[in-house]
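A.B. asks:
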Amino acid sequence: LRCSVCFCSLERQVSCYLRDGDMYCKADYIKKFKTCCAKCARSISATDWVRRAREYVFHLACFACDSCGRQLSTGEQFAICEERVLCKTHYMELIDDGTASSEDGCDVDGNGKNKTKRIRTTFTEEQIQILQANFQVDSNPDGQDLERIALATGLSKRVTQVWFQNSRARQKKHVHVPRAQDLFSGMRSDLNNNNSCSSSNSNDGHPVHHLGGIGPEDCVLGKTPIFNSHGFINLVV
């Protein structure tokens, strides 16, 4: 039994770790899966004060605008653009310069309001081919696969993740889901075209019509049709 990273023997180790089918010694497990600051990339311990923004975690001192270096305060509006933190002032400058588009850009937070604005990203034909090929294999890749695809395309992991999210949304739009009125239209058509049986004599001398393909053998006590006198359909579940 050996560590999958350093290949040291785990037989005499006090503890070892199993994750995604791989075994790790304690030191390599901490190195590989520890929580790191998105700004300085150093590890975050249980006693550190942190800021969280989306999936990112920052040291308190590291949560600052990448443009002016000013540390951001609680409740202050900010934006995360391509893994860069921007204060509201410098993000608005980015918008005014036309570098960012309100249709396609950064994640904006602050004061309980969520807006969606993204920096426009241009993909090359080769990048699109790689992305589409991986989408056909797995439309919802996990974190490790996203890193692999991002490395293959030369894009950031965040951009790759957003591309897959948008592609899944477009795919859902093209999936045809029958609407309720279509279902009831089909039922009405069946009723109009399928008056299949009638009884020539009843107690009052009038014929009894059996709607929706219900045969004479069903017209007995306990087997009455499921259609009421108003023509509405009583759905039996």
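Residues in the sequence shown are numbered from 3 upward in steps of one, following the numbering used here.
Cβ coordinates follow ideal geometry from the N, Cα and C atoms, glycine included.
What residues match up with residue 61 in a beta bridge as DSSP calls it?
C.D. replies: BP columns for residue 61 point to 52.
A.B. asks: Pick out whichever of 63, 43, 44 and 41 has its Cα sitting closest to the Cα of residue 51.
C.D. replies: Nearest of 63, 43, 44 and 41 to residue 51, Cα basis: 63.
A.B. asks: How would you write the range of the alpha helix (DSSP H) that residue 135 sits in, first residue to last?
C.D. replies: Note, residue 135: alpha helix (DSSP H), 127 to 139.
A.B. asks: Going by alpha carbons, who is nearest to residue 143 out of 166, 126, 134 and 130?
C.D. replies: Residue 166 is the option with its Cα nearest to residue 143.
A.B. asks: Which class does residue 172 belong to by DSSP, given the choice of helix, strand or coil?
C.D. replies: If DSSP states are grouped into helix, strand and coil, residue 172 belongs with the helices.
A.B. asks: Below 8 Å CB to CB, which residues in the same chain sit around residue 158 once its five sequence neighbours on both sides are set aside?
C.D. replies: These residues qualify, in order along the chain: 84, 85 and 152.
A.B. asks: So, with DSSP's three-state summary, where would you put residue 7?
C.D. replies: If DSSP states are grouped into helix, strand and coil, residue 7 belongs with coil.
A.B. asks: Does the count of Cβ pairs from the region 131 to 149 and the region 61 to 75 closer than 8 Å reach three?
C.D. replies: The region 131 to 149 vs the region 61 to 75: no contact.
A.B. asks: What are the boundary residues of the alpha helix (DSSP H) that residue 30 is part of?
C.D. replies: Counting along the chain, the alpha helix (DSSP H) containing residue 30 begins and ends at 28 to 35.
A.B. asks: I'd like to know whether the C-beta atoms of residue 41 and residue 87 end up nearer to each other than 9 Å.
C.D. replies: Yes, Cβ-Cβ distance for residue 41 and residue 87 is below 9 Å.
A.B. asks: Can you tell me which of the three DSSP states residue 73 falls into?
C.D. replies: Here residue 73 sits in strand by DSSP.
A.B. asks: What three-state label does DSSP hand residue 44 in the structure shown?
C.D. replies: Residue 44: coil per DSSP, three-state reduction.
A.B. asks: Considering residue 20, what are the terminal residues of the alpha helix (DSSP H) in which it resides?
C.D. replies: Looking at the DSSP string, residue 20 is not in any alpha helix (DSSP H); the run it does join, the beta strand (DSSP E), is 18 to 21.
A.B. asks: Thinking just about the alpha-carbon of each residue, which of 160, 171, 168 and 175 is nearest to the one in residue 1?
C.D. replies: The first residue shown for the chain is 3 and the last is 239, placing residue 1 beyond what the model contains.
A.B. asks: Going by the beta-carbon positions, is the gap between residue 16 and residue 30 smaller than 9 Å?
C.D. replies: Not in contact: residue 16 and residue 30 (Cβ atoms no closer than 9 Å).
A.B. asks: Flag this pair as yes or no: are the beta carbons of residue 148 and residue 162 separated by less than 9 Å?
C.D. replies: It is a contact, given that the beta carbons lie within the stated cut-off.
A.B. asks: Go to residue 81, then tell me how far its beta strand (DSSP E) extends in each direction, as first and last residue.
C.D. replies: First-last of the beta strand (DSSP E) with residue 81: 80 to 83.
A.B. asks: Around the Cβ of residue 81, are there at least 16 other Cβ atoms within 10 angstroms (buried) or fewer (exposed)?
C.D. replies: With 16 or more Cβ atoms within 10 Å of its Cβ, residue 81 is classed as buried.
A.B. asks: Do residue 19 and residue 33 have their beta-carbon atoms positioned less than 9 Å apart in this structure?
C.D. replies: No; because the gap between Cβ atoms is not below 9 Å, this pair is not in contact.
A.B. asks: Can you tell me whether residue 170 is buried or exposed, with buried defined as 16 or more other CB within 10 angstroms of its CB?
C.D. replies: Result: exposed.
A.B. asks: For the beta strand (DSSP E) that contains residue 88, what are its first and last residues?
C.D. replies: Here the beta strand (DSSP E) through residue 88 covers 86 to 89.
A.B. asks: Suppose you measure from the CA of residue 78 to the CA of residue 39; what does that come to, to the nearest Å?
C.D. replies: The straight-line gap from Cα to Cα measures roughly 20 Å.
A.B. asks: Which term fits residue 3, buried or exposed, when burial requires 16 or more other beta carbons within 10 angstroms of its beta carbon?
C.D. replies: By the 10 Å Cβ count, residue 3 comes out exposed.
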